[in-house]
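2 protein chains.
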Amino acid sequence: MVEVERFGEPTNELWEYLEIEIPVGVSNRHVHLSQQDLEMLFGHGHRLKARRELGQPGEFAAEEVVTLVGPRGVIEGVRIVGPLRDKTQVEISMTDAYRLGLRPPVRKSGDLEGTPGIAVVGPKGVVALGEGVILAARHIHMHTREAEKLGLKNDDRVRVRVAGERAQIMENVIIRVSDKYRLEMHVDTDEANAALLTNGDTVTILH
Amino acid sequence: MVEVERFGEPTNELWEYLEIEIPVGVSNRHVHLSQQDLEMLFGHGHRLKARRELGQPGEFAAEEVVTLVGPRGVIEGVRIVGPLRDKTQVEISMTDAYRLGLRPPVRKSGDLEGTPGIAVVGPKGVVALGEGVILAARHIHMHTREAEKLGLKNDDRVRVRVAGERAQIMENVIIRVSDKYRLEMHVDTDEANAALLTNGDTVTILH
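If you're matching them up, the sequences are chains F and H in order. Per UniProt numbering: the first sequence = residues 1 to 207. Per UniProt numbering: the second sequence = residues 1 to 207.
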């Protein structure tokens, strides 16, 4: 689990320049399931078993894994992330997409219209998704109070700087605001590996 | 092969601002071999067979492939890139590195001191490298004339902008100048996938 408790009350002028440190959480490929698909894959009445809490309150990596089967390849051991959602959603990296033979678009979570489908295989059954595979758009979760202090609102886009040997500035980073969120930037494994980021590293929002 | 012939004589003021389009070449994992290691892996007197020319004159992807065996995993079908070199060098992505169980540094080609080793397996033998595995530092090849016009010299570092949904600015991009080079930026597959770049896309140098 990444560190998510570094954000305190503003103590100096750094705040005004948005130069706060944002902890990074790297999202490996994973699947969010609907109740119906959960039962199809793992059996009637099945309940997910939490294996590890994730950075956002209530979210957890489950014990359960599935196999993804695309037109050109297979990836086994893909983690289910709970809790359940209204619609099943498969989040992969572009590296995974080449392996599976898919070309998913970059999308915000839940925005699945027109995305490719895939076969998901569990121990008790198979679900043939008609849509639901995405490259998750990079984003920063923040609490409503934090967003207010930073002058940001939900769906704003910011630029983020990563330091180090593979230093870079990422554009089009979406701000996601809720009373339930903790400050954390989510990137996928391609983005993390390209920038040599690992869980708990920090980045800064550029003003 | 990427397009490498777009670079002509300067015709307008864009030149002065370095806003030329640089074609991108994505480097998948590959191995450069020494004569000795070539013969160890493929047999005495073996000569590489060219399969496909690459963007830089004289460079080619060979028919030959090897298997990389690291402490935690194996990657098969890794392409040999010719011509032969003084020292064997294995270029992988960080995604590959996790799979193999290695932590190679970002290095310029040929700068192998202190890098991790790996086992390379061919049809006729095995080479246990004591060093030679790197994440290739991203770089732009350019002809001496082009570098002069752009006011750049070998080993300079520039910033490069990638457009698109995953727009970004890459820092620490190394300039490599030679009378033998054609204008082309080389990135590895993590960098390409993170920025949604494919062969023949173009990027710009920021001034």
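Backbone N, C-alpha and C fix where the C-beta goes; we use that ideal spot for every residue, glycine too. This structure is a prediction, so every number in the text was calculated from the model and none was measured.
List the residues of chain F whose Cβ lies closer than 7 Å to the Cβ of residue i, in chain order.
i, result
"L196(H)", "M94"
"V106(H)", "E165, R166"
Between residue i and chain F, is any beta-carbon pair separated by less than 8 Å?
i, result
"N193(H)", "yes"
"D156(H)", "no"
"I169(H)", "yes"
"N199(H)", "no"
"V2(H)", "For V2(H), the pLDDT reaches just 38, beneath the cut-off of 50, and the residue's location in the model is therefore unreliable, leaving the point undetermined."
If I measure Cβ to Cβ from residue i and keep anything under 6 Å in the same chain, skipping five residues before and after, which residues do I get?
i, result
"T204(H)", "E19, R161"
"P71(F)", "G101"
"K180(H)", "P57"
"G82(H)", "L48, F60, A62"
"L152(F)", "I175"
"R159(F)", "I169, E171, L206"
With distance defined between alpha-carbon atoms, name the residue in the options nearest to residue i.
i, options, result
"P105(F)", "L206(H), T202(H), G200(H), A195(H)", "A195(H)"
"Q166(F)", "E184(H), S34(H), L135(H), V66(H)", "Sequence inspection shows Arg at residue 166(F); the Gln mentioned does not correspond to that position. It is L135(H)."
"L54(F)", "H186(F), H207(F), E148(F), A163(F)", "H186(F)"
"S109(F)", "I22(F), R182(F), D86(F), T95(F)", "D86(F)"
"V78(H)", "D179(H), L84(H), V69(H), V65(H)", "V65(H)"
"I94(H)", "L48(H), H139(H), N28(H), K153(H)", "Before going further, note that residue 94(H) is Met rather than Ile in the sequence given. Cα-wise, what sits closest to M94(H) is N28(H)."
"G114(H)", "P123(H), R103(H), K124(H)", "R103(H)"
"E76(H)", "T67(H), R99(H), L84(H), P83(H)", "T67(H)"
"R47(F)", "I80(F), V69(F), T144(F)", "I80(F)"
"R145(F)", "P116(F), S178(F), I169(F), A163(F)", "S178(F)"
"R99(H)", "I140(H), H44(H), M142(H), V74(H)", "V74(H)"
"G117(F)", "H139(F), H44(F), R51(F), V90(F)", "V90(F)"
"L84(H)", "D155(H), L206(H), E39(H)", "E39(H)"
"V69(F)", "H139(F), I92(F), R52(F)", "I92(F)"
Could you confirm whether any beta carbon from chain H is found closer than 8 Å to the beta carbon of residue i?
i, result
"T189(F)", "yes"
"N12(F)", "Low confidence applies to N12(F): its pLDDT is 46, below 50, so where it sits in the model is not reliable enough to give any reading."
"G101(F)", "no"
"R29(F)", "no"
What first and last residue would you give for the beta strand (DSSP E) that runs through residue i?
i, result
"A61(F)", "60–69"
"A136(F)", "133–136"
"A128(H)", "126–129"
"E53(F)", "50–53"
"R157(H)", "157–162"
"A97(F)", "Run containing A97(F): none in the beta strand (DSSP E); it sits in the alpha helix (DSSP H), 94–100."
"R176(H)", "168–178"
"R79(H)", "74–82"
"D188(H)", "184–188"
"E91(H)", "89–91"
Looking at the secondary structure, which residues open and close the alpha helix (DSSP H) in which residue i lies?
i, result
"N199(F)", "Premise fails: N199(F) is in no alpha helix (DSSP H) and is neither H nor E."
"D37(F)", "35–42"
"E148(H)", "144–150"
Among the residues of its own chain, which have a CB less than 8 Å from the CB of residue i, if the five just before and after it don't count?
i, result
"R157(F)", "E171, N172, V173, I174, I175"
"T88(H)", "V31, H32, L33, S34, D37, V120, V127, L129, G132"
"Q168(H)", "R161, V162, A194, A195"
"G45(F)", "E39"
What does residue i reach in chain F if we use C-beta pairs closer than 8 Å?
i, result
"N172(H)", "E165, R166, A167"
If I measure Cβ to Cβ from residue i and keep anything under 7 Å in the same chain, skipping five residues before and after, which residues do I get?
i, result
"V26(F)", "V187, T189, A192, L197, T198, N199"
"D201(F)", "V24"
"P10(H)", "Caution is warranted here: a pLDDT of 45 is assigned to P10(H), below 50, making its placement in the model unreliable, and no coordinate value can be reported."
"F42(H)", "E64, G122, P123, K124"
"V4(H)", "Annotation note: pLDDT 38 at V4(H) (below 50); position unreliable, no value reported."
"A137(F)", "V106, R107, K108, I174"
"D96(F)", "R29, I75"
"N154(H)", "I175, R176, V177"
"G164(F)", "L196"
Does any residue of chain C bring its CB to less than 8 Å from the CB of residue i?
i, result
"L112(H)", "Reference to chain C is not applicable here, since the protein chains of this structure are F and H."
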